[in-house]
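Read through the structure below, which is laid out as structure tokens, and then see the notes.
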Amino acid sequence: MIRIEDVGKRFGEGENLFEALKSITLEVEEGECVILSGISGSGKSTLLSLIAALDRPSSGKIVVEGELVSKLPDLHASAYRAKTIGVIFQHFNLIESLSVEENVIVPLINSGLDMPAIRKMAEQSMQRASILHKASQDVASLSGGEKQRCAIARALVHDPKVILCDEPTANLDRENSLRFIETIQKLHQAGKTIVVATHDPLFEALPFESRVIHMADGMIGKHGE
Amino acid sequence: MNEILLSSEVIVYLLSEAVLYLLLFIAAIATLGILKGWNFDRFTKRQFDLENRSYLVMSIIFFVLGLKMLLLPYFAYTIDALSLLVPGAMCAAGVIDANDYGSPLLLLKIIILFLSGLWLGINRLDLEEKHYPYMKLKSWFYLLLFVLLSVEMVLDILYFSHIETTNPVSCCSVIFGEIGGNSLPFGLDIPKLLILFYLLYALLVLMLFTGHYLVRIAASLFFAMIAYYSVVYFFGTYIYELPTHRCPFCMLQAEYHYVGYLLWGVLFSGTFLAIESAVMEGIFGRDALKLKKISIGLLTLFVLLCSSYVGLYYLKNGVLL
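Chains as they are written, first to last, in numbering that gives the first Met the number 0: chain S, 0 to 224; chain U, 0 to 320.
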């Protein structure tokens with residue numbers, strides 16, 4: 000479960016002050032799929048980065064799976080992400096010089112698991128994201144859709160309870176976007192809590208139960224089922 | 000300006016100290032602000048700003064105190080180098096006693112070294128937790144430390160600016176020699192001092208696992224004191240291979256392969272870790288087995304190093320000094 004209470008995020012000071020988020024309050028139930036929709040600059044990605052503890056809010060409280068993440072010191076934020084969160088980025092954020100399997104293994108480097116166990120988890124995750132057949136291939140040589148699937152495998156490798164997707168289909172064609180939605184549907188059916196920040200209209204009417212939340216100017220606008 | 004202040008070692012030392020002090024001063028001002036507004040239970044912009052600022056400030060203090068620890072051996076090197084400029088001085092012992100500020104400064108530096116180590120330990124504990132439980136404690140502790148660091152800065156300047164290069168000074172042969180009778184504490188003689196040295200070492204190792212933390216701290220400090228006298232009045236004479244040469248500083252010189260840095264470094268580190276392990280267990284209720292193991296390792300190395308000089312001398316010459 001994700002609980003966001005009166006969260007604000009400001010950048011800069013004085014004349015340069017920019018309020019990316021203004022007093023956001025939101026609850027996402029366990030296993031729910033929430034779509035944050037809105038134009039660029041509406042605060043969707045900022046909100047995702049706060050939930051992922053990639054950044055800290057300027058005010059307010061964020062609790063994810065019982066963990067007060069809005070105040071986590073850096074060291075603990077990394078541990079929280081490694082345990083609870085899987086993030087799929089718009090630009091994939093893969094390491095181009097590594098193979099698909101090596102990229103998928105990266106989040107498990109500090110897990111304390113032995114290599115055979117890590118490889119097994121990576122294999123399962125690649126299977127789930129339908130990228131196992133490209134395991135040994137360098138990421139640089141993959142297509143956009145394949146990179147996306149590699150990013151999904153990496154996000155799922157540690158079996159996180161919460162999956163955050165930041166503009167996941169912005170760099171994909173329609174066919175790959177639909178395939179991504181199918182993957183999201185499977186994850187939703189598996190009980191994962193999913194939050195997607197997107198302005199892609201495909202997410203406005205998903206073929207499974209989801210909640211669309213519109214954001215504008217750093218605030219939550221109208222809600223819709 | 001006198002020769003001392005123009006020597007390259009002193010310029011480097013004082014400039015480094017001044018730059019680090021400036022950072023510590025800024026950190027002290029920021030720490031006051033943190034203490035004034037800190038309330039972890041609040042979710043206001045002010046509290047978030049303070050948390051972000053505290054991370055930066057504590058990182059600055061962490062790095063500066065770490066660098067200050069490295070500056071202590073450089074201070075020893077500097078005063079040793081100055082013995083070439085001060086008439087009568089053959090090593091740092093003469094230079095440190097060249098005026099009234101030297102000895103208090105050295106003592107203060109050692110106290111600050113130990114307190115800095117404790118601050119770093121508390122800071123580590125705080126970083127291990129998610130809700131900064133020791134933020135206020137380590138902030139107040141830092142402010143206390145900052146007062147001492149300020150006194151140290153003033154003493155640094157007074158000391159180096161008041162070393163005369165025209166007046167001859169007494170050096171180790173006079174300060175630590177036979178003149179003036181027995182300088183050992185508690186009426187000890189050398190055999191009793193050595194018995195106490197080895198006995199205290201064994202007792203300290205034993206107590207690390209069984210004793211009350213306050214007794215352990217006292218025992219560690221007592222051992223450090225007895226170890227100091229043992230090195231100066233007995234083991235040092237085997238390092239110098241001269242029964243009348245009693246000096247804690249000459250062993251810092253190249254002639255003795257800089258063994259003093261190792262010897263004093265190992266003694267201070269081992270003693271400090273024994274104290275820190277006691278504090279961590281007794282006050283903070285933490286497991287300190289690793290600290291205790293390292294402490295025992297260092298103190299054992301110290302005892303073996305000291306003893307080896309006596310043993311090697313005996314093997315080489317067939318007699319003791």
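Backbone N, C-alpha and C fix where the C-beta goes; we use that ideal spot for every residue, glycine too.
Beta carbon proximity, residue i to chain S, threshold 9 Å
i                     : result
residue 30 (chain U)  : no
residue 43 (chain U)  : yes
residue 51 (chain U)  : yes
residue 137 (chain U) : no
residue 126 (chain U) : yes
residue 131 (chain U) : yes
residue 39 (chain U)  : yes
residue 178 (chain U) : Unreliable positioning characterises residue 178 (chain U) in this predicted model, as indicated by a pLDDT of 49, which lies under 50. A coordinate reading is not provided.
Neighbour flag for residue i against chain U, beta carbons, 9 Å
i                     : result
residue 26 (chain S)  : no
residue 153 (chain S) : no
residue 173 (chain S) : no
residue 4 (chain S)   : yes
residue 220 (chain S) : no
residue 13 (chain S)  : no
residue 9 (chain S)   : yes
Straight-line Cα distance separating residue j from residue i
i                     : j                     : result
residue 87 (chain S)  : residue 283 (chain U) : 41 Å
residue 250 (chain U) : residue 213 (chain U) : 33 Å
residue 115 (chain S) : residue 121 (chain S) : 10 Å
residue 93 (chain U)  : residue 61 (chain U)  : 34 Å
residue 150 (chain U) : residue 101 (chain U) : 13 Å
residue 219 (chain U) : residue 273 (chain U) : 7 Å
residue 17 (chain S)  : residue 53 (chain S)  : 19 Å
residue 190 (chain U) : residue 75 (chain U)  : 30 Å
residue 218 (chain S) : residue 43 (chain S)  : 9 Å
residue 37 (chain S)  : residue 8 (chain S)   : 17 Å
residue 208 (chain S) : residue 177 (chain S) : 16 Å
residue 293 (chain U) : residue 222 (chain U) : 17 Å
residue 48 (chain U)  : residue 296 (chain U) : 43 Å
residue 279 (chain U) : residue 179 (chain S) : 52 Å
residue 132 (chain U) : residue 236 (chain U) : 49 Å
residue 20 (chain S)  : residue 211 (chain U) : 53 Å
residue 52 (chain U)  : residue 138 (chain S) : 39 Å
residue 201 (chain U) : residue 242 (chain U) : 27 Å
residue 192 (chain U) : residue 109 (chain S) : 51 Å
residue 173 (chain S) : residue 50 (chain S)  : 28 Å
residue 265 (chain U) : residue 109 (chain U) : 14 Å
residue 63 (chain S)  : residue 24 (chain S)  : 14 Å
residue 158 (chain U) : residue 164 (chain U) : 13 Å
residue 63 (chain U)  : residue 152 (chain U) : 14 Å
Rounded distance between the beta-carbons of residue j and residue i, thought under 8 Å
i                     : j                     : result
residue 156 (chain S) : residue 103 (chain S) : 5 Å
residue 311 (chain U) : residue 269 (chain U) : That pair is no contact at about 22 Å.
residue 116 (chain U) : residue 275 (chain U) : 6 Å
residue 58 (chain S)  : residue 43 (chain U)  : 6 Å
residue 32 (chain S)  : residue 198 (chain S) : That belief does not hold up - the Cβ atoms of residue 32 (chain S) and residue 198 (chain S) are roughly 17 Å apart, past 8 Å.
residue 20 (chain U)  : residue 73 (chain U)  : Their Cβ separation, rounded to whole angstroms, is 15 Å, which puts residue 20 (chain U) and residue 73 (chain U) out of contact at 8 Å.
residue 27 (chain U)  : residue 145 (chain U) : 4 Å
residue 196 (chain S) : residue 85 (chain S)  : Incorrect: roughly 14 Å between the Cβ atoms, too far for contact.
residue 121 (chain U) : residue 135 (chain U) : Contact doesn't hold; Cβ gap of about 11 Å is too wide.
residue 114 (chain U) : residue 147 (chain U) : 7 Å
* Listed from N- to C-terminal order along the chain, which residues in the stretch 59-74 of chain S have their beta-carbon within a distance smaller than 8 Å of any beta-carbon of chain U? -> 59, 60, 67, 69, 70, 71, 72, 73 and 74
* Asked: Of all the beta strand (DSSP E) runs that stay within the bounds of the stretch 193-241 of chain U, which reach a length of 3 or more residues?
  -> none
* **Proximal residues, the stretch 30-64 of chain S versus chain U, C-beta separation under 8 Å** => 55, 56, 57, 58, 59 and 60
* With 9 Å as the C-beta to C-beta threshold (strictly closer), list the residues of the stretch 46-71 of chain U near chain S in chain order. => 46, 47, 48, 50, 51 and 54
* Residue ranges of each alpha helix (DSSP H) run of no fewer than 4 residues wholly in the stretch 36-83 of chain U, ordered along the chain? -> 44-80
* **Entirely enclosed alpha helix (DSSP H) segments - the stretch 98-162 of chain U, minimum 4 residues** => 101-127 and 134-160
* To do: For the stretch 9-88 of chain S, list the alpha helix (DSSP H) runs that are entirely contained and at least 4 residues long, ordered along the chain.
  => 43-50 and 73-83
* **4 or more residues per run - each alpha helix (DSSP H) lying fully within the stretch 162-212 of chain S** => 173-188
* Asked: Can you give, in chain order, each stretch of the beta strand (DSSP E) that sits fully within the stretch 2-33 of chain U and has at least 3 residues?
  -> none
* Start-end ranges of the beta strand (DSSP E) lying completely within the stretch 109-153 of chain S, minimum 3 residues -> none
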